[in-house]
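So the protein lines, in turn, are chains Y and P. First residue of the first sequence? That's 1 in the working numbering, and the numbers climb one at a time after it. First residue of the second sequence? That's 1001 in the working numbering, and the numbers climb one at a time after it. Note that CB positions come from ideal geometry on N, CA and C, so glycine has one too. Note sheet for the following structure.
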Amino acid sequence: KQEVTQIPAALSVPEGENLVLNCSFTDSAIYNLQWFRQDPGKGLTSLLLIQSSQREQTSGRLNASLDKSSGRSTLYIAASQPGDSATYLCAVRGVKAAGNKLTFGGGTRVLVKP
Amino acid sequence: NAGVTQTPKFQVLKTGQSMTLQCAQDMNHEYMSWYRQDPGMGLRLIHYSVGAGITDQGEVPNGYNVSRSTTEDFPLRLLSAAPSQTSVYFCASSRGTSGTDTQYFGPGTRLTVL
């Protein structure tokens, strides 16, 4: 059974510092991995999707890497801003999963202090 | 393009009542799904649909029914609400089920069952 873990559960950094968020998964047979952002009381906003054949994806200040063989993904957010404060979730779509099922990690709650 | 919309945003039910959570998308996506989000449990898949007329169970389907009569709509029915169904419910959609298909989430419905 696929399990997804995100450590740490919470992170606090001063504004301007780079953020490094970790995600690990137990079964490397995946189609893709997605990173989401969730603001308090809100839905999930898709940030990046990395296909299993890719090593990284970039969008603006965000860069996500994928090492499928070791079961790890890292989301880098450059020059953090207070507006980056949110919970970040990673989710994998496994090859053995029914439909388009995503298995989610527990999330990392980020606070960027001005 | 409204994306994925959900109604209502908030709902309070008494044990034993029934209700329908509405989900609609205007992106002509074939795949739709329902998740529930609970503290310490993450997001878990309830039901999903790969197209109009086709639905299937996820990992926590008990107590919920779905139907998909149109591509746009995917309502979730609670047959007889129980306190264990207190949760935040998210609807998601994607173009298809390939490894390149990003999943988009609605804003959620916060349900309390007394």
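Q) How big is the Cα-Cα spacing for P:L1111 and P:S1080? A) What you label residue 1111 of chain P is simply residue 111 of the second sequence in a count that begins at 1. What you label residue 1080 of chain P is simply residue 80 of the second sequence in a count that begins at 1. Those two C-alpha atoms are separated by around 13 angstroms.
**Q.** Per DSSP, the bridge partner or partners of Y:L21
**A.** For this step, residue 21 of chain Y is matched to residue 21 along the first sequence. Answer by DSSP bridge pairing, in chain order: Y:L75.
Q: Take Y:G43 and list the residues in its own chain whose beta-carbon comes closer than 8 angstroms to its own, dropping the five residues that flank it on each side.
A: Here residue 43 of chain Y corresponds to residue number 43 of the first sequence, with the count starting at 1. Taken in chain order, the list of residues that qualify is empty.
Q.
Can you confirm whether Y:N32, when its beta carbon is compared against all beta carbons of chain P, has any partner nearer than 8 angstroms?
A. Your numbering for residue 32 of chain Y matches position 32 in the first sequence. Judged by the 8 angstroms Cβ criterion, Y:N32 is in contact with chain P.
Q) What are the residues that DSSP puts in a beta bridge with P:V1004? A) Position 4 of the second sequence, counted from the start, is the residue given in the question as residue 1004 of chain P. P:V1004 is bridged to P:Q1025.
**Q.** Cβ-based burial, P:M1032 [other Cβ within 10 Å; buried from 16]
**A.** Within the second sequence, numbered from 1, the residue matching residue 1032 of chain P stands at position 32. That one is buried.
Q: Grab me the residues of Y:D84's own chain with a C-beta within less than 8 angstroms of its C-beta, minus the 5 sequence neighbours each way, in chain order.
A: As a working note, residue 84 of chain Y is residue 84 in the first sequence. Correct list, in chain order: L19, I77, V110, V112.
**Q.** Beta carbon of P:V1060 nearer than 8 angstroms to that of P:A1082
**A.** The residue you call residue 1060 of chain P lines up with position 60 of the second sequence. The residue you call residue 1082 of chain P lines up with position 82 of the second sequence. The answer is no: Cβ separation not under 8 angstroms.
Q.
Assuming P:T1055 is part of the beta strand (DSSP E), what are its boundary residues?
A. Numbered from its first residue, the second sequence carries residue 1055 of chain P at position 55. Taken as a continuous stretch (DSSP letters only), the beta strand (DSSP E) holding P:T1055 covers 1054-1057.
Q.
Can you tell me whether P:G1016 is buried or exposed? The criterion is at least 16 other CB atoms within 10 Å of its CB, across all chains shown.
A. In the second sequence, the residue the question calls residue 1016 of chain P occupies position 16. Exposed: under 16 other Cβ atoms inside 10 Å.
Q: Check whether the Cβ atoms of Y:E56 and Y:T26 lie closer than 8 angstroms to each other.
A: As a position in the first sequence, residue 56 of chain Y is number 56, starting the count at 1. As a position in the first sequence, residue 26 of chain Y is number 26, starting the count at 1. Not in contact: Y:E56 and Y:T26 (Cβ atoms no closer than 8 angstroms).
Q: Rounded to whole angstroms, what's the CA-CA distance from P:S1018 to P:T1086? Just pull it up for me.
A: Counting from one through the second sequence, the residue named residue 1018 of chain P turns up at place 18. Counting from one through the second sequence, the residue named residue 1086 of chain P turns up at place 86. Computed Cα separation, rounded: 13 angstroms.
Q) How is the beta strand (DSSP E) around Y:T26 delimited, first residue to last? A) To locate residue 26 of chain Y, count along the first sequence from 1; it is residue 26. From DSSP, Y:T26 is part of no beta strand (DSSP E); its letter is neither H nor E.
Q: Could you tell me the distance, in whole angstroms, from the CA atom of P:L1013 to the CA atom of Y:I30?
A: To locate residue 1013 of chain P, count along the second sequence from 1; it is residue 13. To locate residue 30 of chain Y, count along the first sequence from 1; it is residue 30. Answer to the nearest angstrom: the Cα atoms are 39 angstroms apart.
Q: State the Cα-Cα distance for the pair Y:S125 and Y:S53, rounded to the nearest angstrom.
A: With chain Y represented from 1 up to 114, any question about residue 125 of chain Y goes unanswered, as that position is not in the structure.
Q | Secondary structure of Y:Q6, DSSP reduced to three states | A | Position 6 of the first sequence holds residue 6 of chain Y. If DSSP states are grouped into helix, strand and coil, Y:Q6 belongs with coil.
Q) By the criterion of Cβ-Cβ separation under 8 angstroms, what are the contact partners of P:T1102 in chain Y? A) For this step, residue 1102 of chain P is matched to residue 102 along the second sequence. By Cβ distance, chain Y contributes Q34, S46, L49.
Q.
If you follow the beta strand (DSSP E) that P:R1068 is in, where does it begin and where does it stop?
A. Reading the second sequence from its first residue, position 68 is the one you call residue 1068 of chain P. That residue, P:R1068, is in no beta strand (DSSP E); it is neither H nor E in DSSP.
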